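Visitor: Pasting a structure here, questions to come.
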DNA sequence: GATGAATGAGTTTTCATTCAT
DNA sequence: AATGAATGAAAACTCATTCAT
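This is the structure in structure tokens:
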């Protein structure tokens, strides 16, 4: 990669980082692109040279995060851990990136259908791993979850609920961390 | 109440009804106040004579709906019904007003902290009824729910989840209706 | 009409006048709406309260001018004047408003189809008067114009040509004035 | 010419061809230079290495076309044909390149004075040929055109008029083709 | 109390041009 | 000579809120 391509990549990364920062602080909708460009110390137009629309930028930021979490889960899923262990890892990852996912939970439902669809696609990959493991555990009689899809709706439902109302549940720090044990034990009740 | 006060009250009601209609169609954020006032066939400024800000109007619309549902629940709670029966009633009410609550679920988390806080306050009243009944059933050994608050988070979590992704779950008609049985049976697992 | 309606009408007129001024100076496309509003000493948004889009404003400005000229022609057409006299009046009117029609001739073809269509509609009214008189003169054997439509295309063609290249033909003053006699005599050749 | 100069010339031609293509499709103003460069498969900046501004490029594209038509006319003019024959050739040439000239007619008047002036210069060469032949025919008593310049204004006027309103006159195909006979016969009336 | 005209800050996107590589 | 990333001014339109009537 020559100097130029390198520089371009660096600018792109810079934009993505700045965008993530700004989004976490003010949300997707309340962040004007001008704030992102000034935060990244680049020209306004430069941002649009890298991302055709604001929505494309948002999508990319989200995609990166979702991919990261997807890979994380996959890694653990391959080492044939139990559903509980996987869930622990998943929650730990969310705790690390809680600021981001909390914003995402708050605004995801509000955006364009295009974005919502892609978001659901990324989520479905993660759900897939849980689904698969749950099926296996069912087969091995470790769990007895009749309606896996429905059970996962409950799981993602609470997580979103906690994220969305984060500020009501904790003054500072992580909500997921606070309710981690509760989430684990209740989910066990559901799937057993 | 004199004629003037009566007129004022009537206008206020008119605004609130129109607002609810418009919000259900286009969401809170995507409804300009001008649309509400034209729908109510009143002057633009009149709306601000009744509600200082758009947010105040939103809050009032939501409050009314929450109160209605609160009263509904209270009525059933007083007739000493079981938690399951109460939940059935609650879900039935939501099904009736699903359009509204679905919009609310999508956008509630996006608004100002002020609004969010008041929203939570109203929700907590409803939660209160569930909490109380659950405590009683615990006392009577009907249920064995160790962490009631947490359990209710799961319940409200899924409901919000279904509302928020309504369009992904059903092409038309009610999501809650579709998942009612599943919600009931899973909630039983959680509280037993 | 009460004070308010009067004020509104005044503002509207103010915008239309300012717009015409600005358009004449810089053309339709090169005039930002912000320039019009500042020229009219009103807020930017006020303009959009009166005209939903810039194009609607342009259309209105043009419509007014076309109507004026249409009425002018009609007035003379009704007094059963000859085609030559009517044409003289038409050209005189154009001379008076030459700055405006010169800009119009330059940019009319460039705009949206919507606008172009409406422009053609207005023009067709004016053409209609000429057409009618020419038919009558044909009937009376005063003129012998076989293809009236085509002849009018030539007439409007030169006029547009002179307007469009105004600056090339005259350093200052009116082009139409300069070529008036020539236009009249050549048109006679065409229709006889 | 060394290799480098040759390459440069080739790139220049490539740009000019691409530009003409793009301009014909979308007009001068609505064609971003980026579209031209991507169409020519060269870098954005390369274009500016050949033409200092977009306007310079436009001018060059137009100049080439005007020269072509100028040479065409000259060729016929030299074989001492009649004005009618020359005009037929001219119209035939326009029919061939109607797409281009139609765009030109629509937008030429809109551009900078600089461009307009140069355009007029090129046009005047073409006019020159017509002028000359008309003078000769006058001398030979074949035509009796008192004001040649003015007559040519009418001629170029209608042609521009037809080009500009092409879409109003024909659904598809050539306008000039449609009105060719009418143009010829009327022009004869003017010059006789 | 009701009206509705006026406000103006705020937002996304485009694109000709520059210049370091 | 060619490249293409970066620039930033410009432009149309929205809408919650105000205030004179």
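Protein chains in written order, with the numbering used here: chain A, 1 to 192; chain B, 1 to 192; chain C, 1 to 192; chain D, 1 to 192.
Every residue, glycine too, gets a C-beta built ideally from N, C-alpha and C.
Model, not experiment: these values are computed from the prediction.
Could one say the Cβ of residue 16 of chain A lies closer than 8 Å to chain B's Cβ atoms, at least one of them?
Guide: no
Visitor: Using a beta-carbon distance below 8 Å, is residue 9 of chain A in contact with chain B?
Guide: no
Visitor: Within the same chain, show all residues whose beta-carbon is closer than 7 Å to that of residue 145 of chain B, passing over the 5 residues directly before and after it, in chain order.
Guide: 134, 138, 151, 191
Visitor: Just tell me which of C:142, C:174, C:131 has its CA closest to the CA of residue 155 of chain C.
Guide: C:131
Visitor: So, does the CB of residue 174 of chain A fall closer than 8 Å to a CB anywhere in chain B?
Guide: no
Visitor: Scan the segment 119-150 of chain D for residues whose Cβ lies nearer than 8 Å to a Cβ of chain C and list them as they occur along the chain.
Guide: If the cut-off is 8 Å between Cβ atoms, the segment 119-150 of chain D has 120, 147, 150 near chain C.
Visitor: Please list, in chain order, the chain B residues whose beta carbon lies closer than 9 Å to that of residue 31 of chain A.
Guide: Here the premise fails: no neighbours, minimum Cβ distance about 13 Å.
Visitor: On the criterion of 16 or more Cβ atoms from any shown chain inside 10 Å, does residue 98 of chain D qualify as buried, or is it exposed?
Guide: buried
Visitor: Taking just the CA atoms, how far does residue 142 of chain C sit from residue 55 of chain C?
Guide: 43 Å
Visitor: Count the other C-beta atoms from every protein chain shown that fall within 10 angstroms of the C-beta of residue 157 of chain D, then say buried if there are 16 or more, exposed otherwise.
Guide: Looking at its Cβ environment, which holds 16 or more other Cβ atoms inside 10 Å, residue 157 of chain D is buried.
Visitor: Whole angstroms are fine: how far does the CA of residue 40 of chain D sit from the CA of residue 18 of chain D?
Guide: 6 Å
Visitor: Return the chain-ordered list of same chain residues with a C-beta closer than 8 Å to the C-beta of residue 174 of chain C, the five sequence neighbours on each side being excluded.
Guide: 95, 98
Visitor: If you run the structure through DSSP and keep just helix, strand and coil, what is residue 119 of chain C?
Guide: Residue state for residue 119 of chain C is assigned as helix, using DSSP reduced to three classes.
Visitor: Could you list which residues in chain B have their beta carbon closer than 8 Å to that of residue 157 of chain A, in chain order?
Guide: 154, 157, 158, 159, 160, 161, 162
Visitor: Taking Cβ-Cβ distances shorter than 8 Å, what residues in chain C pair up with residue 190 of chain D?
Guide: 186, 189, 190
Visitor: I want to see whether chain B comes within less than 8 Å of residue 54 of chain A, judged by CB atoms only; does it?
Guide: no
Visitor: Could you spell out where the alpha helix (DSSP H) holding residue 22 of chain D opens and where it closes?
Guide: 3-26
Visitor: With H, G and I counted as helix, E and B as strand and the rest as coil, what does DSSP make of residue 138 of chain D?
Guide: helix
Visitor: Within the same chain, show all residues whose beta-carbon is closer than 7 Å to that of residue 118 of chain D, passing over the 5 residues directly before and after it, in chain order.
Guide: 59
Visitor: Measuring straight from C-alpha to C-alpha, what distance separates residue 153 of chain B and residue 43 of chain A?
Guide: 45 Å
Visitor: Starting from residue 68 of chain C, follow the alpha helix (DSSP H) in both directions and report where the run begins and ends.
Guide: Residue 68 of chain C -> alpha helix (DSSP H) spans 54-78.
Visitor: Using a C-beta to C-beta distance shorter than 9 Å, which residues of chain B count as neighbours of residue 179 of chain A?
Guide: 150, 153
Visitor: Could you check the C-alpha separation between residue 70 of chain A and residue 106 of chain A for me, to the nearest Å?
Guide: 20 Å
Visitor: Between residue 9 of chain D and residue 23 of chain D, what straight-line distance do the alpha-carbon atoms span, to the nearest angstrom?
Guide: 21 Å
Visitor: In three-state terms, what does DSSP make of residue 170 of chain C?
Guide: In the three-state reduction of the DSSP assignment, residue 170 of chain C falls in the coil class.
Visitor: Classify residue 123 of chain B: buried if its beta carbon has 16 or more other beta carbons within 10 angstroms, exposed otherwise.
Guide: Label assigned to residue 123 of chain B: buried.
Visitor: By the 10 Å Cβ neighbour count, where 16 or more other Cβ atoms means buried, how is residue 121 of chain C classified, buried or exposed?
Guide: exposed
Visitor: Using alpha carbons as the reference points, say which of D:147, D:109, D:184, D:16 lies closest to residue 165 of chain C.
Guide: D:109
Visitor: Pick out whichever of C:26, C:148, C:61 has its Cα sitting closest to the Cα of residue 83 of chain C.
Guide: C:148
Visitor: Run through chain D and tell me which residues come within less than 9 Å of residue 105 of chain C, C-beta to C-beta.
Guide: 109
Visitor: 8 Å is my cut-off, CB to CB: does residue 113 of chain B come that close to chain A?
Guide: Residue 113 of chain B counts as touching chain A.
Visitor: Would you mind working out which of A:45, A:30, A:3 sits nearest residue 267 of chain A, comparing C-alpha positions?
Guide: Residue 267 of chain A is absent from the structure shown; chain A starts at 1 and stops at 192.
Visitor: I'd like the span of the alpha helix (DSSP H) that includes residue 48 of chain C, first residue to last.
Guide: 44-50
Visitor: Cα separation between residue 92 of chain D and residue 177 of chain D?
Guide: 8 Å
Visitor: Whose C-beta lies closer than 8 Å to the C-beta of residue 72 of chain A among residues of the same chain, with five residues either side of it excluded?
Guide: 89, 90, 93
Visitor: Between which two residues does the alpha helix (DSSP H) containing residue 214 of chain A stretch?
Guide: Summary: the structure shown does not reach residue 214 of chain A, with chain A confined to residues 1 through 192, and so no result is reported for it.
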